[in-house]
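Chemist: Let me begin by handing over the structure; questions about it come next.
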């Protein structure tokens, strides 16, 4: 059984020779470039560290690393993964924190503000993202609809699209991955409604307008939904025969509960998610569709599944009301749980190697029976997580992710 078959069987809720494994197939199952450099040094891997996502400081895992950890999935990235920076050409650079070597996108040319903050600007010179002087991550700070109060204001901003340049970029990579590797291919489409709304309007402004300007928000969301449907139609014409999963992102949860009520989700977002997913499957009926959604989201998991998602990343078990046993029992035959094997918020950061192994073994026993599980940590591996801890996590999957363990 090869990796592509293993992942497809798992998503179809079939048990496999071992649980499929993922490191780095999305911007929420990745590895911080500082941790990645340490892992490479530990393993004696002498290749460039490609920093494909400067916003989150994520590295592209090298095939040698993927082979060592047993990863079964590879990411088909966007040409512009985040904050307006293309990743088709690279230049030598340095990482924050420890000054390690990396390859930076050629278009990454931040300016330094008086307090040492790095700032990324758009083509008009407007600052769109900032990273504090001693920070690791950029925060997006530009909200083009901050003062919007009419449909004409919304009509002035550009909606998401796939340019011909990006289609060519994606097609070349997808074809190469499909023909020359056995990885399952997961396409990072970067579609979101709720998150995009908060970025365009501003966090507080968008949440308030869901209540005080619902018609205006619905006008915006309808335009955004229509744009994503056009985008996915064009994208799947190009890469639909190569990829097995398309990714979407919408964080509706925080540590203690939802950011919005279930009723607001069902009114504004669920029907539009359903429209996008229906359009994807109309174009490619057997396409798997994942949603990355952090936090305490139990009250809307059933709605997420009803809207057409068959993969959910992650199950953030340290959040309120996110008990893995309960979620697997209630939803495990309807949705594939992708991630959830070990917490990067608690166990991998603050626990011992034994803690990591024990948690990963426990989660395999919970999630793996009956298929519907892809093994990955909960969100990205952070900068200070050691190589020994990283390898302990994935070696646990290789050793114990087999039916004779989790059914024994």
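Residue numbers (this note's numbering): 50 to 457. The beta carbon of each residue, even a glycine, is placed where N, CA and C say it ideally should be.
#1: Got a sec? Which residues, its chain only, sit under 7 Å from residue 441 by beta carbon, not counting five neighbours each side?
#2: Going by beta carbon distance, what residues of the same chain come within less than 6 Å of residue 348, once the five residues before and after it are set aside?
#3: Give the DSSP-derived three-state secondary structure of residue 341 in the structure shown.
#4: Express the C-alpha separation of residue 390 and residue 446 in angstroms, rounding to a whole number.
#5: To which residues of the same chain is residue 257 closer than 7 Å at the C-beta, ignoring the five residues directly before and after it?
#6: Going residue by residue through the stretch 231 to 319, where are the continuous alpha helix (DSSP H) segments of at least 4 residues, counting only ones entirely within it?
#7: Taking only three categories from DSSP, how would you classify residue 371?
#8: Spell out a yes or no on whether the stretch 74 to 89 and the stretch 122 to 138 are touching, meaning 3 or more CB-CB pairs, one atom from each, closer than 8 Å.
#9: According to DSSP, simplified to helix, strand and coil, what is residue 214?
#10: Looking only at its own chain, which residues have a Cβ that is under 8 Å from the Cβ of residue 336, when we skip the five neighbours before and after it?
#11: Taking 7 Å as the CB-CB cut-off, is residue 112 touching chain C?
#12: Quick one, which of 226, 162, 69 and 252 has its alpha-carbon nearest residue 196's?
#13: Within the same chain, show all residues whose beta-carbon is closer than 8 Å to that of residue 270, passing over the 5 residues directly before and after it, in chain order.
#14: Measuring straight from C-alpha to C-alpha, what distance separates residue 177 and residue 248?
#15: Round the Cβ separation of residue 71 and residue 423 to the nearest angstrom and send it over; I've been treating them as touching at under 8 Å.
#16: With a threshold of 6 Å on Cβ separation, who are the neighbours of residue 189 within its own chain once the five nearest residues in sequence on each side are excluded?
#17: Of the residues 452, 396 and 400, which one's Cα is nearest the Cα of residue 414?
#18: Compare the C-alpha of residue 444 against each of 51, 69 and 145 and name the closest.
#19: Using 8 Å as the cut-off, can you tell me whether the stretch 165 to 174 makes contact with the stretch 224 to 238, which would need three or more C-beta pairs spanning the two stretches below that distance?
#20: Nearest to residue 231 by alpha carbon, out of 54, 396, 338 and 90?
#21: Along the chain, where does the beta strand (DSSP E) that runs through residue 436 open and close?
#22: With a CB to CB cut of under 6 Å and the five nearest residues on each side skipped, what residues in its chain are close to residue 144?
#23: What residue does the alpha helix (DSSP H) around residue 76 start on, and which one ends it?
#24: Residue 237: which of 260, 262 and 211 sits nearest, CA to CA?
#25: Quick check: the Cα distance between residue 218 and residue 128, rounded to an integer number of angstroms?
#26: Based on DSSP bridge pairs, tell me the residues matched to residue 391.
#27: Skipping 5 residues on each side, what residues in its chain have a beta carbon closer than 7 Å to that of residue 202?
#28: Is residue 362 helix, strand or coil by DSSP?
#29: With the cut-off set at 7 Å, would you say residue 386 and residue 416 are in Cβ contact?
#30: DSSP beta-bridge partners for residue 424?
#31: Count the other C-beta atoms from every protein chain shown that fall within 10 angstroms of the C-beta of residue 432, then say buried if there are 16 or more, exposed otherwise.
Modeler: In terms of the structure at hand:
#1: Within the chain shown, residue 441 is the residue found at index 392, counting from 1. Excluding positions up to five away in sequence, the list reads 402, 405 and 406.
#2: On the chain shown, residue 348 is found 299 positions in, with the first residue counted as 1. So the qualifying residues of the chain are 311.
#3: As a position in the chain shown, residue 341 is number 292, starting the count at 1. If DSSP states are grouped into helix, strand and coil, residue 341 belongs with the strands.
#4: Your numbering for residue 446 matches position 397 in the chain shown. Your numbering for residue 390 matches position 341 in the chain shown. The alpha-carbon atoms of residue 446 and residue 390 are separated by roughly 9 Å.
#5: Here the question's residue 257 lines up with position 208 in the chain shown. Excluding positions up to five away in sequence, the list is empty.
#6: 243 to 250, 252 to 261 and 263 to 288
#7: On the chain shown, residue 371 is found 322 positions in, with the first residue counted as 1. Residue 371: coil per DSSP, three-state reduction.
#8: yes
#9: Position 165 of the chain shown holds residue 214. Correct three-state label for residue 214: helix.
#10: Against the chain shown, residue 336 aligns to sequence position 287. Excluding positions up to five away in sequence, the list reads 285, 289, 292, 293, 294, 295, 329 and 330.
#11: This model lacks chain C altogether, as it is built from one protein chain only.
#12: Working through the chain shown from its first residue, we reach residue 196 at position 147. Nearest option by C-alpha distance: 252.
#13: Within the chain shown, numbered from 1, the residue matching residue 270 stands at position 221. Answer for residue 270: 242, 246, 317, 318 and 321, listed in chain order.
#14: Taking the first residue of the chain shown as position 1, residue 177 is located at position 128. Taking the first residue of the chain shown as position 1, residue 248 is located at position 199. Approximately 10 Å, taken between the alpha carbons.
#15: Position 22 of the chain shown holds residue 71. Position 374 of the chain shown holds residue 423. About 5 Å separates the two Cβ atoms, so the contact holds.
#16: Translated into the one-based positions of the chain shown, residue 189 becomes position 140. Closer than 6 Å at Cβ, skipping near neighbours: 178 and 248.
#17: Here residue 414 is taken as the residue at index 365 of the chain shown, counted from 1. The shortest CA-to-CA distance from residue 414 to any of 452, 396 and 400 is the one to 452.
#18: Here residue 444 corresponds to residue number 395 of the chain shown, with the count starting at 1. With distances taken between Cα atoms, residue 444 lies closest to 69.
#19: At 8 Å Cβ cutoff, the stretches do not touch.
#20: As a first step, residue 231 must be located in the chain shown, where it is residue number 182. Per the Cα distances, 54.
#21: Translated into positions along the chain shown, residue 436 becomes position 387. Where residue 436 is concerned, there is no enclosing beta strand (DSSP E), although the alpha helix (DSSP H) it sits in stretches over 436 to 449.
#22: As a first step, residue 144 must be located in the chain shown, where it is residue number 95. Once the five neighbours on either side are set aside, the close Cβ partners of residue 144 are 82, 83 and 151.
#23: Taking the chain shown and counting its residues from 1, one reaches residue 76 at position 27. No alpha helix (DSSP H) holds residue 76; DSSP gives it neither H nor E.
#24: For the purposes of this step, residue 237 is taken as the residue at position 188 of the chain shown. The shortest C-alpha separation from residue 237 is found at 211.
#25: Mapped onto the chain shown, residue 218 falls at position 169. Mapped onto the chain shown, residue 128 falls at position 79. One C-alpha to the other measures close to 7 Å.
#26: The count along the chain shown starts at 1 and reaches residue 391 at position 342. Residue 391 pairs with nothing; no bridge assigned.
#27: If you number the chain shown from 1, residue 202 lands on position 153. Answer for residue 202: 194, listed in chain order.
#28: Within the chain shown, the letter at position 313 stands for residue 362. Residue state, collapsed to three classes: strand.
#29: Within the chain shown, the letter at position 337 stands for residue 386. Within the chain shown, the letter at position 367 stands for residue 416. Against a cut-off of 7 Å, the Cβ pair of residue 416 and residue 386 comes out as a contact.
#30: Numbered from its first residue, the chain shown carries residue 424 at position 375. BP columns for residue 424 point to 70.
#31: For the purposes of this step, residue 432 is taken as residue 383 along the chain shown, with counting starting at 1. Flag for residue 432 reads buried.
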